[in-house]
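Visitor:
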Amino acid sequence: MNKSHSIRKNFTRRDKNSRTILLCEMLEYHNVFLEAAFRADGYSFEVLKNEVQDITRTLRYISNDYCYPTVLIIAQFMEYLESGERRPEEVAFMEPQAGGSCRAGNIYNLLQRVLYKKHCRGLEGYSDIPVISLNFSGEEKHSGFRITSRLLFGAISAVCYGDLIMCLYQQTKPYEVNPGETDLVRAEVEEILCRDIRAHKNGRKSRARAYRYAIERFRKIETRREKKRRVGITGEIYMKFSRLGNDDIESFILKQGYEPYSGGFINYCIYLVDTERYKAQRYGKGKTVRRVTEKKLYDTVLRYLCKVQKELYACVAESRHFDTDLDFARLKEKAADILDYGCNTGDGWLIAAEAAQYVEKGCESVLILHPFGCLVSHVCERGILHELHRRCPNVSIQTIEYDYDQSKTLRESRILLALQGDRPIPYDRS
424 MNKSHSIRKN
434 FTRRDKNSRT
444 ILLCEMLEYH
454 NVFLEAAFRA
464 DGYSFEVLKN
474 EVQDITRTLR
484 YISNDYCYPT
494 VLIIAQFMEY
504 LESGERRPEE
514 VAFMEPQAGG
524 SCRAGNIYNL
534 LQRVLYKKHC
544 RGLEGYSDIP
554 VISLNFSGEE
564 KHSGFRITSR
574 LLFGAISAVC
584 YGDLIMCLYQ
594 QTKPYEVNPG
604 ETDLVRAEVE
614 EILCRDIRAH
624 KNGRKSRARA
634 YRYAIERFRK
644 IETRREKKRR
654 VGITGEIYMK
664 FSRLGNDDIE
674 SFILKQGYEP
684 YSGGFINYCI
694 YLVDTERYKA
704 QRYGKGKTVR
714 RVTEKKLYDT
724 VLRYLCKVQK
734 ELYACVAESR
744 HFDTDLDFAR
754 LKEKAADILD
764 YGCNTGDGWL
774 IAAEAAQYVE
784 KGCESVLILH
794 PFGCLVSHVC
804 ERGILHELHR
814 RCPNVSIQTI
824 EYDYDQSKTL
834 RESRILLALQ
844 GDRPIPYDRS
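The sequence shown begins at 424 in the working numbering and counts up by one.
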């Protein structure tokens with residue numbers, strides 16, 4: 424038995440009743456709905472909300488060659504544990520894994536090693552904290568945790584509701600007449616939608632009613648008729664959606680007088696399934712019957728998720744007031760002449776497709792966020808810049824790098840330069 428297995432702690436059925444599962448902060452708009460989905464399936468579950476005070480604390484236990492999301496995620500877990508809010512025997516950690524060759528897939532084993540090292544330094548109980556891998560490929564199983572159909576459909580609702588709230592909030596907040604009204608409505612709508620998830624109302628009709636209710640509430644917010652410059656935000660998945668990872672770039676953009684625009688998480692979920700389908704079809708091993716069966720399974724999941732996406736977008740389109748992403752099929756077409764579909768490591772061709780989509784949606788600036796130390800991001804994000812600049816000469820498309828030892832002022836100045844283009848803009852440091 425190797426060391427990585429010897430320090431692995433199983434999350435048991437007894438742990439389900441005695442431990443709170445803590446998930447790293449990754450999806451700002453979706454977190455509250457994911458909490459509702461897990462709690463509805465009987466888990467004590469929370470998404471971490473603590474701000475990281477010392478990012479470099481992780482480097483006491485791991486090499487500085489690891490990417491920025493890895494450093495930040497482990498630092499958030501460690502700072503929460505050291506805060507004393509809960510004892511080690513009361514918690515379990517959860518780490519999402521999408522698979523592939525991204526080094527972030529090592530966080531699962533890496534976190535266990537860090538806990539083991541802290542235990543060896545005299546901090547009793549740390550090595551007994553279970554670390555759960557959240558994945559849909561059946562890897563790293565735990566006897567007390569499994570993805571049930573009830574949890575799966577609750578998570579699908581959570582993804583759809585999170586995308587919807589992000590769409591409505593980003594297109595309303597910059598234009599609100601009464602400051603803070605959009606945030607109040609958002610909190611109100613989130614509570615109602617979470618109540619539906621907790622009551623297991625995750626069917627098509629229930630979701631449609633929830634969509635229309637949320638849209639109607641946001642439409643009633645008094646807004647100005649002016650139109651601000653729209654800024655598209657894409658990039659590596661953690662940097663794009665995590666407020667902790669991107670240092671709350673959305674609020675920064677709002678303060679500078681722009682309208683932020685982010686592609687939804689559901690397209691990323693469909694992209695993952697489409698990638699596995701592509702791999703099974705092109706590189707699948709084993710008997711032909713097995714490869715065909717795998718492809719049919721991915722086809723079925725793909726059709727269902729695309730159907731759910733279209734239902735969401737159709738409800739938004741009915742309002743004739745808010746703009747949505749392109750559906751997955753049309754979004755995929757945007758990358759056809761920029762990057763081959765075989766480039767699907769990490770976020771792959773999806774970033775190129777989203778950048779092209781943003782230009783079509785009227786964005787005059789596009790920010791591609793990527794973490795330092797991520798080879799995949801350097802290839803799939805910086806590698807497409809030349810072609811994007813050639814196609815869209817009048818649009819400012821720039822990559823913004825994040826690193827643990829980078830000055831916040833330096834990063835903000837780079838963002839401002841990317842937003843400014845040829846136009847002078849005021850800089851609000853408040």
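Think of the CB as a built atom: it goes at the ideal place given N, C-alpha and C, for glycine as much as any other residue.
Starting from His793, follow its DSSP beta bridges and name the residues at the other end.
Guide: Looking at the DSSP assignment, His793 forms a beta bridge with Glu824.
Visitor: Return the bridge partner residues of His565 from the DSSP annotation.
Guide: Answer is Phe568.
Visitor: Who are the near neighbours of Ile548 in its chain, counting only those whose CB is closer than 8 Å to its CB and skipping five residues on each side?
Guide: For clarity, residue 548 is Gly in the given sequence; the question names Ile instead. Within the same chain, Gly548 has close Cβ partners Arg510, Pro511, Glu512 and His542.
Visitor: Grab the span of the alpha helix (DSSP H) containing Ile676 for me, first residue to last.
Guide: Run containing Ile676: Ile672 to Lys678, per the alpha helix (DSSP H) assignment.
Visitor: Can you list the alpha helix (DSSP H) stretches of 4 or more residues lying completely in the region 472–517, in chain order?
Guide: Listed in chain order, they are 491–506.
Visitor: Quick one: what does DSSP say Glu469 is sitting in, helix, strand or coil?
Guide: Three-state result, Glu469: strand.
Visitor: Answer yes or no: do Lys818 and Val799 have a C-beta to C-beta separation smaller than 8 Å?
Guide: Checking the sequence shown, residue 818 turns out to be Val, not Lys. No. Outside cutoff.
Visitor: My understanding is that Ile430 touches Tyr531, with C-beta atoms under 8 Å, so please give their C-beta distance in whole angstroms.
Guide: About 12 Å; that fails the 8 Å criterion.
Visitor: Could you pull the start and end residues of the alpha helix (DSSP H) that Ile615 belongs to?
Guide: It spans Glu604 to Arg621 - the alpha helix (DSSP H) in which Ile615 sits, taken as one unbroken run.
Visitor: When you compare each of Gln520, Thr479, Phe516 and Gly465 to Gly561 by their alpha carbons, which one comes out closest?
Guide: Ranking the options by Cα distance to Gly561, first place goes to Gln520.
Visitor: Which one or two residues does DSSP pair with Asp761 in a beta bridge?
Guide: First, the residue type needs correcting, since residue 761 is Ile and not Asp in the sequence shown. Paired residues: none, contrary to the question.
Visitor: Measure the alpha-carbon distance for Leu695 versus Arg647 and round it to whole angstroms.
Guide: Taking the straight line joining both Cα atoms gives about 39 Å.
Visitor: What's the gap between the Cα of Tyr400 and the Cα of Tyr491?
Guide: Here the chain covers residues 424 to 853 and nothing more, so residue 400 does not appear.
Visitor: Where are the alpha helix (DSSP H) runs, 4 residues long or more, that stay fully inside the region 634–708, in chain order?
Guide: Counting whole runs of 4 or more residues, the region 634–708 contains the alpha helix (DSSP H) stretches 660–664, 672–678 and 688–706.
Visitor: Would you mind working out which of Ile676, Thr657, Asp438 and Ala515 sits nearest Leu840, comparing C-alpha positions?
Guide: With distances taken between Cα atoms, Leu840 lies closest to Ile676.
Visitor: By Cβ distance below 6 Å, which residues in the same chain neighbour Gly771 in space, the five residues on each side in sequence not counted?
Guide: Only Cys803 meet the Cβ criterion.
Visitor: Whole-angstrom Cβ separation of Ile638 and Tyr684, contact assumed at under 8 Å?
Guide: In fact, because the Cβ distance is near 17 Å, the residues do not count as touching under 8 Å.
Visitor: Between Tyr636, Lys628, Gln594 and Glu659, which lies nearest to Glu645 when the distance is taken from Cα to Cα?
Guide: Nearest option by C-alpha distance: Gln594.
Visitor: Would you report the Cα separation of Gly528 and Gly796, rounded to the nearest angstrom?
Guide: Their Cα atoms are separated by approximately 14 Å.
Visitor: Here's the rule I'm using: 16 or more other beta-carbon atoms within 10 Å means buried, otherwise exposed. How should Val494 be labelled?
Guide: Classification for Val494: buried.
Visitor: Tell me the DSSP secondary structure of Arg431 in three-state form.
Guide: In the structure shown, Arg431 sits in coil (DSSP, three-state: anything other than H, G, I, E or B).
Visitor: Can you tell me which of the three DSSP states Val554 falls into?
Guide: Strand, per DSSP.
Visitor: How is Cys766 classed by DSSP in three states: helix, strand or coil?
Guide: If DSSP states are grouped into helix, strand and coil, Cys766 belongs with coil.
Visitor: On the premise that Phe568 lies in contact with Phe434, defined as a C-beta separation below 8 Å, what is that separation, rounded to the nearest angstrom?
Guide: Yes, they are in contact, since the Cβ atoms of Phe434 and Phe568 sit about 5 Å apart, within 8 Å.
Visitor: Would you mind reading off the limits of the alpha helix (DSSP H) that contains Leu446?
Guide: First-last for Leu446: Thr443 to Leu446, but that is the beta strand (DSSP E), not the alpha helix (DSSP H).
Visitor: My assumption, with CB atoms under 8 Å, is that Leu842 sits in contact with Tyr681. Please give the rounded CB distance.
Guide: Confirmed, Cβ separation roughly 7 Å.
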